[in-house]
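A quick write-up on the structure given underneath.
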Amino acid sequence: MNKTIETPKARFYFTNREIAMMAVFIALLFVVDMVWIVPYFAIFIYGIFYGMVLIIAARVIGKNNTIFLIGIVNTVINLAFAQMYGGTLVAFAYLAGAIGLEGVLRLSKPYGTNRNMAVIGALAYGLVSRATAIAIMVFLYNLTLPSWLTIGAIVLFAITFPIGGFIGFRIGGRVKKLTNPL
518 MNKTIETPKA RFYFTNREIA MMAVFIALLF VVDMVWIVPY FAIFIYGIFY GMVLIIAARV
578 IGKNNTIFLI GIVNTVINLA FAQMYGGTLV AFAYLAGAIG LEGVLRLSKP YGTNRNMAVI
638 GALAYGLVSR ATAIAIMVFL YNLTLPSWLT IGAIVLFAIT FPIGGFIGFR IGGRVKKLTN
698 PL
């Protein structure tokens, strides 16, 4: 009679290699944040690069809670360094966007393998993160933002993040083949 009890793996079970890869993707997200040094050009490419890195991370690591964990770490780092335009609490926009993207990516089985879900997830990230950032700036910090700026910021992220998600899905498949030899 076999008396061994098999314990289920935790919800956040990642190997050391996967954690190291997540750290690389978090570092890449901070490199993408450096695009704001040239603000007139950055507003158009930020969403493309950011969405691309997020979807590549989801495809390469390929486990539930990958984007959620990256969002938590990104939020904590941005809260610690208080670098956010509009106030420190705007860092919670990263977490809100990650929750939206994670929810959409979980609809595809296996995780992150459906191109349409990746593009819709990137759209969800862009819309949720920008709407959260604007809501925090307006309602918590009482900033007065013109309607055209608010709508423009949300629409711009709704266009650029799905483009980045599509490109990231294509690149992510190639990167996964390179990093996971059979």
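Every position in the sequence shown, counted from 1, becomes a number in the working numbering once 517 is added. Ideal Cβ positions, reconstructed from N, Cα and C, are used throughout, including at glycine. Source: prediction; values computed, not measured.
- If you look at S646, you'll find it in the alpha helix (DSSP H) that goes R632 to A652.
- When secondary structure is reduced to three states using DSSP, F531 falls in the coil class, being assigned neither helix nor strand.
- In this structure, the beta-carbon distance from G689 to G568 does not fall below 8 Å.
- Here the C-alpha atom of M539 lies approximately 33 Å from the C-alpha atom of L666.
- DSSP places A613 in the uninterrupted alpha helix (DSSP H) bounded by F609 to L622.
- Inclusion of I584 and A615 in the CB contact set at 8 Å is warranted, their separation being smaller than that value.
- Within its own chain, the residues whose Cβ lies closer than 6 Å to the Cβ of V621, once the five positions on either side in sequence are excluded, are M634, I637, G638 and A641, listed in chain order.
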